[in-house]
Structure formats: C-alpha cells, structure tokens
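Chemist: Take this structure, written in structure tokens, and hold onto it; I'll ask about it next.
2 protein chains.
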Amino acid sequence: MASVGPSSDEKNEAKEINTKRQSLVNQHSQNEHHFHKVGIPPRQKLFKEFASTFKETFFADDPLRPFKDQPQSRKLVLGIQAIFPILEWGRSYNLKKLKGDLIAGLTIASLCIPQDIGYAKLANLDPQYGLYSSFVPPLIYAFMGSSRDIAIGPVAVVSLLLGTLLQNEIDPTKNPVEYRRLAFTATFFAGITQVTLGFFRLGFLIDFLSHAAIVGFMGGAAITIALQQLKGFLGIKKFTKKTDIISVMHSVWGSVHHGWNWQTIVIGASFLAFLLFAKYIGKKNRKFFWVPAIAPLISVVLATFFVYITHAEKHGVQIVKNIEKGINPSSVKEIYFTGDYLLKGFRIGIVAGMIALTEAIAIGRTFAAMKDYQLDGNKEMVALGAMNVVGSMTSCYVATGSFSRSAVNYMAGCQTAVSNIIMSFVVFLTLEFITPLFKYTPNAILSSIIISAVIGLIDYDAAILIWKIDKLDFVACLGAFLGVIFASVEIGLLIAVAISFAKILLQVTRPRTAILGKIPRTAVYRNIQQYPDAKKVPGILIVRVDSAIYFSNSNYIKERILRWLRDEEEQLKAAYLPQPQIKSLLVEMSPVTDIDTSGIHALEELHKSLQKRDVQLVLANPGPVVIDKLHSSGFANLIGEDRIFLNVAEAVSSCSPKLVEEV
Amino acid sequence: MASVGPSSDEKNEAKEINTKRQSLVNQHSQNEHHFHKVGIPPRQKLFKEFASTFKETFFADDPLRPFKDQPQSRKLVLGIQAIFPILEWGRSYNLKKLKGDLIAGLTIASLCIPQDIGYAKLANLDPQYGLYSSFVPPLIYAFMGSSRDIAIGPVAVVSLLLGTLLQNEIDPTKNPVEYRRLAFTATFFAGITQVTLGFFRLGFLIDFLSHAAIVGFMGGAAITIALQQLKGFLGIKKFTKKTDIISVMHSVWGSVHHGWNWQTIVIGASFLAFLLFAKYIGKKNRKFFWVPAIAPLISVVLATFFVYITHAEKHGVQIVKNIEKGINPSSVKEIYFTGDYLLKGFRIGIVAGMIALTEAIAIGRTFAAMKDYQLDGNKEMVALGAMNVVGSMTSCYVATGSFSRSAVNYMAGCQTAVSNIIMSFVVFLTLEFITPLFKYTPNAILSSIIISAVIGLIDYDAAILIWKIDKLDFVACLGAFLGVIFASVEIGLLIAVAISFAKILLQVTRPRTAILGKIPRTAVYRNIQQYPDAKKVPGILIVRVDSAIYFSNSNYIKERILRWLRDEEEQLKAAYLPQPQIKSLLVEMSPVTDIDTSGIHALEELHKSLQKRDVQLVLANPGPVVIDKLHSSGFANLIGEDRIFLNVAEAVSSCSPKLVEEV
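Residue numbers (numbering that gives the first Met the number 0), protein chains in the order written: chain A, 0 to 662; chain B, 0 to 662.
Listed below in structure tokens is the structure:
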C-alpha cells in the first residue's frame with residue numbers, strides 16, 4: 000500500500016506535506032496487513048453447492064421466477080400460459096395489431112409459396128410437401144412459440160441437409176414411397192430432439208456451434224444450393240447426385256453441348272435478373288421492402304402464363320406438371336417406428352433437428368434483441384419441436400424459422416405470431432384451390448427464385464469482420480465453407496463442429512500467462528507487453544495466470560511459470576547488471592476462477608521446484624472458490640497463510656517494501 | 000483515483016494535511032486520466048500471431064532451445080542425443096552409479112518375473128509373453144527414454160484392458176493363434192499411436208483425462224483385477240468371461256460347493272498373508288523396502304518347491320505347467336497388416352496405447368519432480384512408442400511404466416535407465432535357463448502376488464482428498480470407479496473421459512460472474528460474497544466476468560449480466576431507500592483473457608439493451624487481446640473509448656466521483 004498514490008511527480012511545495020503524509024500511509028499500511036486478509040467465503044453445504052451449480056447450468060435464465068410465491072391455481076394458469084403463450088398475449092390483441100399482422104402475413108405468404116415448392120425439390124420431395132410444411136407447423140408455432148417475428152416453414156439449408164442425408168440411405172427416384180416415409184421419420188425425431196433439448200433445458204448445447212462456423216456453413220450451403228439450381232436453370236436432364244462443386248461443374252460442363260435448353264435459360268435468366276433487381280430496390284430503400292417480397296410470386300404468375308400460351312413445355316422447358324390438390328393427408332402410419340429405418344431416421348432427425356434449431360434460435364434472438372423482449376430459448380425449442388412432431392404426422396418435413404422470410408415479416412410490420420396464422424391460411428387456400436394453376440410453372444423460375452433467395456445467406460460482411468477480429472474464428476468459418484462446397488454438407492458441418500470444439504479445447508489447455516509490471520505512479524500491476532511503461536519489480540517475478548487451473552492445463556501452467564522464471568533469470572545473468580536475484584515468485588490469481596485436484600497438485604509441485612531454487616511462492620487475490628480449496632487441501636498451510644495476499648500491491652510491499660519505493 | 004489511499008479513518012491531527020493533499024490528489028487524478036489509457040499492444044503480423052499460438056500449443060516446453068545458435072555439426076550431434084539420451088548421460092556414467100543401478104535392477108527383476116507371468120494371464124496370453132515383454136521393451140527404453148526411475152514392463156491395468164478388448168473380438172481359448180496375432184497387431188498400433196502423439200507433439204491430449212478420473216479408474220481396475228484372481232485363488236475351473244463384479248461374484252458363489260479347491264486356497268491364502276505382511280513391513284520402515292520387493296519371488300520358489308514335493312497338482316491344485324524356453328521369437332509376420340483385424344487391432348491399439356501412456360507419463364513426471372530433473376513428455380512418448388513397435392515385432396504385448404516397480408526401483412537407489420538393462424538381462428537369463436523350473440508353480444501363488452500388487456493401485460487417500468477439494472471431481476472419480484466395477488473397463492474408461500469432457504464444457508459454458516464492492520479504505524474492488532465488508536457503489540453495478548467470452552458462453556454471459564442488473568434494480572425498489580438508480584454498468588474484464596466474434600456480438604447486444612434502460616456500459620481493464628479486438632471490431636468506438644478504463648477504481652471515480660468519496 001505504500002506505493003498507492005503519486006509520489007515522484009509531486010510539486011516542490013507539496014514535498015513537506017507529502018513526507019508527513021507518506022509516513023502516515025506507511026503506518027497505516029502496516030495496520031492494513033492485518034485488516035485485509037483474503038476473504039474465505041462461508042462454506043456451502045454440499046447439497047446447496049450442487050443445487051446452485053445445477054441451477055446456473057440448466058436454469059440460468061430463472062424461468063420459474065414468475066411462479067414464485069403464487070397460489071396453486073395461479074401457478075396452473077401460469078403453467079398453461081407458459082406452454083401456450085398465445086393465451087397471454089392473445090388477451091391484449093387488438094385490431095391495430097391485426098392490421099400489421101395481416102399485411103405481414105400476406106407478404107410472407109406470397110414469398111413462401113414459390114419458395115416452398117422449390118425447397119421441397121431440394122429435399123427430393125414432391126412440391127406439395129413444401130406447401131404442407133407451410134400450413135401445419137406455423138399454426139402450431141403460433142400457439143406455442145414466443146417469438147413475435149419469426150416466419151415458420153421449410154428453409155433452404157435444412158431442406159438440402161435433409162435431402163442429402165436421406166438420399167444416402169434411400170434413392171428417392173427408385174423408392175419414392177420409402178424415401179418419403181424416412182423423411183417423415185426423420186422429421187418426427189427432429190421434433191423429438193428439439194422438445195427433449197428444450198424440456199431438459201439443454202438448449203445451451205446449440206451454443207457449441209460457433210457463430211463463425213455457422214457463417215461459413217451457411218455461405219457454403221447457399222453456394223451448394225445455388226449450384227444445384229443449375230439443373231433447373233439450364234434445363235439439364237442428367238445431373239449428378241453429388242453436391243460438391245467439382246461434381247456439379249463437371250455435370251454442367253459435360254452437358255453443355257447436348258443438355259442445355261436455351262428456352263429454359265432465357266426464361267430463367269430474365270426472371271433472375273428481375274428478381275435481383277427487385278432485391279436491389281428493396282435494399283436501397285427500406286420502404287420498398289415489399290418489392291422483393293412479392294417479386295417471386297409475380298415471376299411465377301408471369302412465367303406460368305407465358306409457358307401456357309407459348310406451349311414452351313413442348314420445346315424442352317421443364318414444368319412442375321402436377322401438384323396434388325387438397326390439404327395435408329395424415330402420415331402417422333408412414334413413420335417408421337420399427338425396423339432398420341427407425342435408427343437411420345433417428346440419426347438423421349437429430350442432425351436436421353439441431354441445425355433447424357440453430358437457425359430458428361438465432362433468428363428468434365436477433366429479433367427479440369431488436370424489439371427488446373425476452374425469449375426463453377428452451378421454451379422456444381419445445382414449441383419448435385412440438386410443431387415438427389405434429390408436422391411429421393401431417394405429411395410435413397422439417398420446418399423451422401426462415402432468415403429471409405422472418406426479415407420480411409419484421410419489415411412488413413408484424414406484431415405477433417398471428418402473421419404466421421395468416422400465412423398458414425393463405426397456404427391452405429392455395430392447397431385447396433390454386434395448385435392446379437401451377438401446372439405450367441417452369442422449373443427454371445423456381446430455380447431463379449431459390450438462387451435469389453439463398454444469395455442472402457452468404458454473409459460477406461460477417462466473414463470480413465470475423466477475419467478482422469479473430470483469425471482462428473476465420474479458420475473455422477473458412478473450414479466449414481470449403482467443407483460444404485468441396486465435400487458435402489455433412490462434412491462441412493462436421494468440420495464446423497470439430498473446429499468449434501478444438502477451439503474450446505485449445506482455450507482450456509493452453510491458457511495465457513503474463514508477466515506483470517508496476518505502472519509508474521500507481522499501485523496497479525499490469526501485463527508488461529500491453530503496458531510498455533510498466534516496470535518489473537526487482538527481485539520479484541509477478542506472473543498472472545489467465546484461466547481456471549484444471550487437469551487439462553495444470554501441467555502446462557506449472558511448466559510455463561517455471562519457464563518464465565528460467566527466462567527471467569537468464570536475462571538477468573545476460574544483463575550483467577547488479578540486479579538482485581529473483582527471490583519471490585508472485586502468482587496473481589485474480590483470473591483463476593477455479594482449481595481442481597490436479598491444479599492443487601501442480602501448485603504443490605511448483606512450490607517444491609521453487610523451494611529447491613530458493614524462490615518463495617506468493618499468491619495474490621485468489622477467488623472465493625480457489626481460497627476455499629487452497630485451505631481444504633492444506634496448500635495454504637504448506638506455503639504459509641501469510642503468503643497469500645489481497646492484491647499484488649500488498650504482496651509486493653510485503654516481499655520487498657524497500658524496493659517498491661524505488662520503482 | 001480520488002479514492003486511493005485512506006480517507007475516512009485519518010486521525011484528527013492529520014485532517015488539515017489531508018484536505019490539502021486531497022485536492023492535490025484530485026488535481027493529479029484529472030491529469031492521470033490522460034496518462035493511464037488502456038494499453039493497446041502493437042499489432043502483431045498475422046503470421047507471427049499464428050506462429051506464436053502454434054508454438055505455445057505444440058512447443059510450450061521449448062524443446063529446440065539447446066539447438067539455437069549452434070553450428071550444423073553440433074546440431075546433428077544434439078539431434079541424435081535427443082533421440083538417444085543414453086549417448087548424453089552415458090558419457091558421465093561411472094561405477095558408483097552402476098552400483099545403484101545393479102541393486103535396483105536385481106530388485107525389480109525379482110519383482111517383475113512372477114508379476115509378468117500373472118499379468119500375461121490377465122491379457123489371456125501364455126506366461127512367456129509376459130516375460131518377453133520384460134526383456135525387449137526395457138532395453139529399447141534404456142536407450143531412448145529420459146526418465147531415470149521408471150521401470151518398464153507389462154502392467155496390470157493395461158493387461159486387463161487389452162485382454163478385455165481383444166476378447167471381445169476373438170475367443171482366446173478357441174482361436175489362441177489369431178488372438179495372439181491380434182494382440183501383436185494392437186501392440187504395434189499402440190506403439191504407432193504413442194510415437195505419433197509424441198512426434199506431432201500432441202502429448203497434451205493425455206492431459207484431458209483428469210487426475211480424479213484416473214484415480215477412480217485405477218481403483219476400479221484394481222478391484223476388478225483382484226476379483227479375476229479369485230479364479231486362481233480358489234481353484235475354480237469354470238469361471239465367467241465377464242469382468243463386472245456381479246457376474247464374478249455369481250461365478251464364485253455358484254461354484255462354492257463343487258468348484259473350490261481347499262488345497263489351493265490354503266496355499267494361496269497363506270502366501271497372500273505372507274505377501275501382505277511383507278508389504279506392511281516395507282511400509283512401516285522404508286529401509287526394508289526390499290522385503291516386499293523380493294517376497295513374491297521367495298513365495299514362488301517356496302510354493303513351487305512345496306507343490307513339487309507334495310505332488311499337490313494331483314489333488315486339484317492348478318499349476319503353470321509349461322513356459323516356453325528361450326528368448327523372444329520374431330513376430331513381424333504375425334501382425335495383421337491387411338484384412339478385418341487390421342482395423343480392430345488399430346482401434347484396440349489406440350485405446351491401450353493411450354492408457355499405457357497416461358500411466359507411464361504420470362510415473363515419469365512424479366519421479367522427475369522428486370529428483371528435480373526435466374522430462375520432455377513428447378520425447379518420452381516417442382521412446383515408449385518405439386519400444387512397443389519393436390516389442391510387437393518380438394512377441395511382446397503392450398509394455399509401459401509400472402507404478403509399483405518404479406517405486407521399488409527408486410527406493411532401491413536406481414541412478415539411470417541402466418537398472419532397466421540389468422532387469423532385462425535377468426529376464427533374459429530366466430527365459431534361457433530357468434523357465435522349466437516354473438512348471439510346478441501353483442496358479443494360486445500368482446493370483447496372490449497380483450492381488451497384493453494391485454491393492455496399491457487403490458488410492459483411498461487421493462479419493463478422500465478429491466472429495467475434500469472438489470465435489471465434481473469426486474463424481475468423476477466415483478463414476479469411473481463404479482463404471483469399471485459394475486460394467487467393464489471400457490465403460491469405466493468411457494465414463495471417465497465423458498465426465499472429464501463434460502467438466503471442461505461446463506467450465507466454458509457457464510463461467511462465474513460476481514458483483515464487486517469496494518473494500519473500505521482501499522481502492523480495491525472485490526467479490527462481495529467473498530469479502531462481506533466490501534460495499535457496493537451506489538448508482539454503479541460492478542460485474543466481473545470470470546472467463547474468456549467465447550461463442551460457447553457469450554449468450555449466457557450477456558443474459559447473466561442483465562439478470563444481475565434486474566435483480567439489483569428490484570432490490571433497490573424493494574428497499575424503499577433513497578438510493579440513486581443504477582446509472583452505469585461496469586464490467587470488470589481483468590479475467591476476460593480473450594473474446595471472439597460471438598463475444599463481441601454479445602457485448603453489442605448488451606450495450607443495446609442497456610441503452611434502452613438508460614444505463615451506461617463501462618469497461619475496466621480489458622487485456623491486450625481483448626482491447627485489440629474491441630478496437631478492430633469497432634466496439635470501442637460504439638461505446639466510446641473514454642468508457643474503457645485502466646481499472647475499476649478509475650472507472651468508478653469517473654462515473655461518479657462524488658459518490659466514491661462517500662463510501
């Protein structure tokens with residue numbers, strides 16, 4: 000404490016006062032050594048300790064807070080409201096909100112209908128299954144979900160992922176019925192996975208897929224999806240089943256002379272230009288957000304009409320041909336509850352369910368932050384899961400929140416999940432009455448719509464920002480991206496997960512350590528690399544360990560500290576200065592939030608090694624958990640309780656009070 | 000800074016001085032805000048950044064240090080010495096050292112011979128393979144290894160693990176030849192795994208098995224091994240193949256009436272008593288360490304002689320019968336390099352190799368710390384791996400460092416790895432000349448020897464210490480222990496690894512946060528739970544985040560901080576005191592060693608949420624990496640660079656200089 004406050008740069012006139020004062024401070028500081036012992040928190044009971052860890056892990060968001068101190072009947076009402084939030088917000092629903100929801104609902108409906116038909120193809124399913132998935136799931140979600148802005152339905156990436164995974168098991172052209180049954184099975188288990196994660200409050204598991212990895216994965220998936228559209232866009236009949244860029248380009252160039260259909264290309268290209276132009280307008284002026292939103296439907300109407308009157312389908316332009324009329328048939332009996340396919344569907348369902356969750360939760364959180372309302376991730380998962388379980392029984396495949404449609408929903412002024420009900424109603428009308436009109440819709444137009452939709456998933460800006468902020472994150476991003484493009488969605492996903500985990504492991508195995516120095520005219524000790532004017536204290540090496548000391552890093556930390564000491568001693572020798580030898584090694588433990596048995600063991604070994612070199616081990620500011628364990632393991636006694644200090648300044652002044660004054 | 004130093008507890012006579020001084024300090028502190036900006040370290044070049052991360056990860060121990068600034072020829076010599084350390088220490092070898100090594104070598108030889116025969120049985124191999132494995136591997140290790148105290152050879156746990164894993168693939172009684180070939184294949188790949196880990200400096204991977212998990216696993220394995228010995232000990236002929244306690248006890252009690260052989264039990268029990276008594280003597284007085292060390296060999300000699308003269312083998316006492324004479328035959332051609340068994344051997348080899356490494360490295364480190372010499376873990380792995388690769392070609396199965404024999408080696412005064420050469424030589428003589436004498440050795444005596452050996456692996460004290468220090472570690476320990484005992488070694492191992500990883504994940508997903516308060520009469524801010532006399536600063540909520548902010552926890556941290564704020568505001572409301580509202584949220588970032596893109600994103604969202612509540616976000620003491628990223632991402636500009644402070648004290652005094660004085 001003697002060094003606290005300015006001392007060397009005082010004005011002359013203050014010198015006298017200063018000297019007097021200094022002695023006061025010194026006197027005081029000697030008292031203080033008795034006052035400021037490192038606090039040892041009261042020992043928690045074992046059960047309480049477990050309970051609090053459990054609570055922070057699974058109930059970090061304190062979801063039971065509103066239930067506290069309520070009568071039984073009220074708790075029941077609250078419980079039902081927690082499962083069906085519509086009962087809560089529905090009571091304050093009014094006409095003004097309905098207006099916003101109506102416009103938003105109609106807008107996203109016009110956007111989703113052509114997209115659904117295209118996405119169903121990505122999943123190797125007939126077009127109507129895309130529409131089915133935009134009818135039932137949004138309805139269920141509207142009752143159970145708590146996001147006000149998400150737009151539910153099939154999405155590009157999940158459709159592609161599901162299509163790829165299912166295709167590995169069953170050939171969709173040879174066994175369409177079995178393929179479809181497996182799709183429903185996978186959807187069922189995707190829903191079960193989601194409900195389970197939510198119910199057991201394991202939602203934090205999806206946080207293990209890092210933002211960077213998702214950006215790379217999404218970008219790669221978008222390009223893969225766009226490449227797949229070349230089939231419809233160029234009118235190629237024989238197309239590879241693989242999704243990697245090399246196979247696809249091979250397929251495309253191999254068919255350039257006798258596979259491309261110029262009429263198809265003309266239709267596709269002109270409408271793609273129209274769609275991109277509409278997008279551009281929407282981006283340039285936020286007021287015209289509805290232009291890109293309804294452009295796809297307009298394109299479909301115009302292109303269908305054009306093909307119908309010119310009979311272009313007779314010149315090789317491929318058309319949708321037939322979309323089953325009527326709403327979702329039941330598919331309960333089609334789900335495999337026994338046999339080989341049960342396990343396969345289960346596996347595929349877990350993967351698809353997790354990816355669908357990642358997307359939906361990211362959307363939900365983004366808009367909740369924008370409008371500043373609370374969103375319980377785990378409750379959302381239960382809602383999304385329930386909607387997929389019901390969906391799998393009503394001929395839907397995996398639905399989730401769509402990035403692009405949610406953004407349109409938000410911009411169109413949606414107020415509540417009622418916009419999803421409106422959309423669902425429009426899809427219902429479409430299924431009941433309009434599907435035959437899609438007969439002449441050229442496939443090329445669907446491809447154009449999908450291409451223009453997935454372009455938005457390629458987030459250059461995010462990638463550039465990631466590059467700027469964190470190079471390792473960028474490697475994860477690039478790895479996932481290249482994995483998806485050059486191998487497959489699964490490989491890309493695997494790379495993304497693997498790199499994410501590798502980063503966590505790297506973090507815990509190789510924590511940072513730093514040498515601290517005293518910042519002149521303060522009692523503050525900081526990393527000398529960050530603060531070049533910070534001065535080392537002669538005779539004391541101050542090392543800060545920047546992580547909890549666990550089995551995964553205890554050995555490294557011990558050896559790293561000894562290496563710092565060795566380096567320092569060699570430097571001192573090389574300098575030939577009459578510097579005092581290192582007498583104390585001070586470990587600043589502020590960032591050490593926890594220590595386990597291996598960590599204690601490593602400290603003991605460190606202490607032993609230091610003793611052999613005649614260097615004293617001193618600790619500064621161990622946290623509550625650490626000080627508790629230092630005592631219960633007997634380590635505090637081993638090095639002496641008086642070698643553990645409140646902070647670095649006190650420790651330094653105790654180790655060499657004279658030296659501190661000089662610095 | 001205004002609060003630095005004592006202010007309220009000054010004596011009256013110092014009041015005048017104090018007031019004058021205070022104004023000086025204040026004046027000074029205003030200057031200082033310009034002086035103590037948070038340091039931004041010079042930006043590192045991309046390559047340099049990667050290189051330094053790479054170096055800390057894989058070359059943390061700086062193994063190339065001695066090579067620096069040396070001429071080419073010297074580098075070559077150093078390189079060869081690095082691979083064969085014997086060339087280095089061999090030059091200073093002398094008679095005095097030889098004396099120590101000779102005694103130690105003879106002692107561990109007498110201990111290892113009976114153990115080897117028993118351990119080979121655990122691995123379902125003929126007795127000579129145990130002896131083979133104590134002949135070649137120790138020789139290789141003596142040339143390549145750098146531990147001076149480790150005793151190499153087959154060990155109980157690895158033998159059991161290998162036996163269990165191999166038995167799952169091939170029945171050793173029905174197909175002994177194929178079984179043996181698979182054993183050599185697994186040994187080969189165990190060696191390859193070890194060399195690979197060492198060569199690519201991935202040695203830190205074994206640190207992911209926590210100390211606690213190993214204690215539990217070893218204890219469980221010891222009990223399982225002891226239970227397996229009941230077969231030989233009781234003379235039971237029909238015995239279960241399973242290793243779990245329930246199957247074994249069922250087998251034992253099921254054969255109580257017509258399977259136990261009383262002569263066998265008498266021999267086994269009396270010698271077990273003798274061995275345990277010898278152990279007790281050795282433990283009581285360290286000088287008599289040689290008593291338990293040679294007791295097994297004495298028992299074997301006595302028991303063999305006894306059986307030979309009484310012809311007890313005709314009364315149902317099972318004997319060893321035949322041990323092949325002569326040294327290790329070549330087994331290069333027996334290793335499966337093609338076919339189905341290649342992959343199986345590979346898989347088993349990886350597991351057995353890793354466990355063998357864990358044991359050897361733990362031993363090496365322990366004794367290196369006791370004698371204070373450096374041990375390069377990665378170099379050790381290469382040596383251990385090379386010895387197993389050569390071993391697999393000379394009819395050995397996986398060898399590693401033995402806990403019990405290494406301890407005896409150390410206590411017998413070994414100086415270098417020459418003691419392993421001596422032991423190896425004695426085993427060679429045994430194989431060449433003495434094996435026929437083992438014909439009448441009763442199996443019961445081998446069982447007794449193994450039981451008395453593995454008892455030492457049950458480390459009660461460690462388990463009790465773990466319980467005291469860390470309850471979660473104890474769960475890992477108990478899980479591994481029960482897993483091994485009630486299921487199998489593999490399951491136990493799996494549980495140990497799973498719990499270890501779960502702990503790491505828990506650590507990174509749910510980091511601790513704490514509310515800080517000012518410790519009276521200091522400028523130190525500490526966790527108010529640890530220091531009950533620390534006082535919150537009115538109007539400012541100070542939260543410390545105790546971990547790097549990564550994708551895996553960024554969301555949790557954001558929401559946890561908001562929850563602290565909400566709780567605090569509710570408390571203030573409930574208190575009805577005329578307390579000022581929370582105006583600033585100060586995040587103490589000292590322990591935040593790194594932040595990634597998700598973390599920056601979370602901070603941005605936090606900032607946004609706080610703005611809506613009219614609370615200002617202030618940061619204190621971000622580290623070098625963090626401040627760099629805060630700037631490159633533009634976040635520092637977003638909240639204002641003047642909202643980032645050197646430490647909490649400065650931040651507080653800037654936020655509400657007046658309030659600080661009052662506290």
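Ideal placement from N, C-alpha and C gives every residue a C-beta, glycine not left out. Owing to the predicted nature of the structure, the values given are computational and were not obtained by experimental measurement.
#1: In terms of alpha-carbon separation, which member of B:LYS332, B:ASP545, B:ILE457 lies closest to A:VAL664?
#2: Taking the Cβ atom as the reference point for each residue, do A:THR440 and A:ILE264 lie within a distance shorter than 8 angstroms?
#3: For chain B, check one thing: does any of its Cβ atoms lie closer than 8 angstroms to the Cβ of A:ILE224?
#4: Using a beta-carbon distance below 8 angstroms, is A:GLN29 in contact with chain B?
#5: Report the CB separation of A:LYS236 from A:GLY267 in whole angstroms; it is logged as a contact under 8 angstroms.
#6: May I ask you to report which of helix, strand or coil DSSP gives A:GLU31?
#7: Note down, in chain order, each residue of its chain lying with its Cβ closer than 6 angstroms to the Cβ of B:THR303, except the 5 sequence neighbours on either side.
#8: Return the residue from the list A:ILE139, A:SER254, A:GLY639, A:ALA495 that minimises the CA-CA distance to A:PRO84.
#9: Closest to A:PRO62 by CA distance: which of A:GLN71, A:LYS47, A:GLN80 is it?
#10: Which one of A:ALA601, A:ILE433, A:VAL507, A:ASP460 has the shortest CA to CA distance from A:LYS324?
#11: Terminal residues of the continuous beta strand (DSSP E) containing B:GLU587?
#12: Would you verify that the beta carbon of B:ARG73 is, or is not, closer than 8 angstroms to some beta carbon of chain A?
#13: Please report the distance separating the alpha-carbon of B:TRP466 from that of A:ARG179.
#14: Going along the stretch 463 to 480 of chain A in order, which residues come within less than 8 angstroms of chain B, judged by CB to CB distance?
#15: Does A:ASN25 get closer than 8 angstroms to chain B when you measure Cβ to Cβ?
#16: Over the uninterrupted alpha helix (DSSP H) stretch that includes A:LEU616, give me the two end residues.
#17: Excluding the five sequence neighbours on either side, which residues of its own chain have a C-beta within less than 6 angstroms of the C-beta of A:PHE480, listed in chain order?
#18: Rank B:ILE112, B:VAL135, B:PRO137 by C-alpha distance to the C-alpha of B:PRO126 and give the top, closest one.
#19: Would you mind giving the Cβ-Cβ distance between A:VAL426 and A:LEU130, rounded to the nearest angstrom? I have them listed as a contact below 8 angstroms.
#20: Work out the CA separation of A:VAL316 and A:HIS249 for me, nearest whole Å.
#21: Would you say B:SER655 lies against chain A (beta-carbon separation less than 8 angstroms)?
#22: Can you give me the C-alpha to C-alpha distance between A:SER499 and A:SER329, rounded to a whole angstrom?
#23: Pull the bridge partners of B:PRO623 from the DSSP assignment, please.
#24: Are B:LEU585 and B:ALA635 touching if we call contact CB-CB under 8 angstroms?
#25: Of all the options B:ALA497, B:ASP469, B:ILE468, B:LYS470, which has the alpha carbon lying nearest to the alpha carbon of B:GLY482?
#26: Check each residue of the stretch 620 to 636 of chain A: if its Cβ is closer than 7 angstroms to any Cβ of chain B, include it; give the result in chain order.
#27: Comparing C-alpha positions only, which one of A:LEU233, A:ILE151, A:VAL453 sits nearest to A:GLY400?
#28: B:GLU55 versus chain A: which residues are under 7 angstroms apart at the beta carbon?
#29: From B:THR242 to B:GLN166, what distance separates their C-alpha atoms?
#30: Could you give the first and the last residue of the continuous alpha helix (DSSP H) run that contains A:ALA635?
#31: So B:THR508 packs on A:ASP206, CB below 8 angstroms; how close in whole Å?
#32: Work out the CA separation of A:PRO65 and A:ARG73 for me, nearest whole Å.
#33: Compute the Euclidean distance between the alpha carbons of B:ILE527 and B:PRO519, then round it to the nearest angstrom.
#34: Does any residue of chain B bring its CB to less than 8 angstroms from the CB of A:PHE49?
#35: Along chain B, in chain order, which residues have C-beta atoms closer than 7 angstroms to that of A:SER145?
#36: So with CB distances below 9 angstroms, who are the chain B contacts of A:LYS607?
Modeler: Taking the structure as given:
#1: Because chain A spans 0 through 662 in this model, residue 664 of chain A falls outside it and cannot be assessed.
#2: Going by C-beta atoms, A:THR440 is not nearer than 8 angstroms to A:ILE264.
#3: No, because no Cβ of chain B sits closer than 8 angstroms to the Cβ of A:ILE224.
#4: Legend: pLDDT at A:GLN29 = 43, less than 50; position of this residue unreliable, no value from coordinates given.
#5: Going by Cβ atoms, the distance from A:LYS236 to A:GLY267 rounds to 15 angstroms, so no, they are not a contact pair.
#6: With a pLDDT of 43 at A:GLU31, under the threshold of 50, the modelled position of that residue is not reliable, and no figure is offered here.
#7: Excluding residues within five positions, the ones whose Cβ falls inside 6 angstroms are TYR439, THR440.
#8: Among A:ILE139, A:SER254, A:GLY639, A:ALA495, the Cα nearest to that of A:PRO84 is on A:ILE139.
#9: Minimum Cα distance to A:PRO62 is reached at A:GLN80.
#10: Closest in C-alpha terms to A:LYS324, from the list A:ALA601, A:ILE433, A:VAL507, A:ASP460, comes A:ILE433.
#11: 583 to 587 is the extent of the beta strand (DSSP E) around B:GLU587.
#12: So no, B:ARG73 is outside the interface.
#13: Here the alpha carbon of B:TRP466 sits roughly 54 angstroms from the alpha carbon of A:ARG179.
#14: For the stretch 463 to 480 of chain A, which is checked against every Cβ of chain B, the residues closer than 8 angstroms are LEU464, ILE465, LYS467, ILE468, ASP469, LYS470, LEU471, ASP472.
#15: Note that A:ASN25 scores a pLDDT of 42, beneath 50, so its modelled location is shaky; the value from the coordinates is reported in the next line. Not one chain B Cβ lies under 8 angstroms of A:ASN25.
#16: In the DSSP assignment, A:LEU616 falls outside any alpha helix (DSSP H) and lies within the beta strand (DSSP E) extending over 615 to 619.
#17: Excluding sequence neighbours, A:PHE480 sits near GLY215, GLY218, GLY219.
#18: Residue nearest to B:PRO126 within the set B:ILE112, B:VAL135, B:PRO137 is B:ILE112 (criterion: CA-CA distance).
#19: Contact between A:VAL426 and A:LEU130 holds: CB atoms are separated by about 6 angstroms, below the 8 angstroms threshold.
#20: Rounded to the nearest angstrom, the two C-alpha atoms are 22 angstroms apart.
#21: B:SER655 does not count as touching chain A.
#22: When rounded, the distance between both Cα atoms is 40 angstroms.
#23: Residue pairing from DSSP leaves B:PRO623 without any beta-bridge partner.
#24: Cβ atoms of B:LEU585 and B:ALA635: not closer than 8 angstroms.
#25: The shortest Cα separation from B:GLY482 among B:ALA497, B:ASP469, B:ILE468, B:LYS470 belongs to B:ALA497.
#26: Residues of the stretch 620 to 636 of chain A whose Cβ lies closer than 7 angstroms to any Cβ of chain B, in chain order: GLY622, PRO623, LYS628, SER631, SER632.
#27: Measuring from the Cα of A:GLY400, the nearest candidate turns out to be A:ILE151.
#28: From the beta-carbon of B:GLU55, the residues of chain A found nearer than 7 angstroms are ARG509.
#29: Those two C-alpha atoms are separated by around 11 angstroms.
#30: For A:ALA635, the enclosing alpha helix (DSSP H) covers residues 634 to 638.
#31: The Cβ separation is near 7 angstroms, so the contact holds.
#32: Computed Cα separation, rounded: 10 angstroms.
#33: Taking the straight line joining both Cα atoms gives about 12 angstroms.
#34: Chain B, which has a Cβ nearer than 8 angstroms to the Cβ of A:PHE49, makes this yes.
#35: Those within 7 angstroms of A:SER145 in chain B number zero; the least Cβ separation is about 15 angstroms.
#36: The contacting residues are ALA368, MET369, ASP371.
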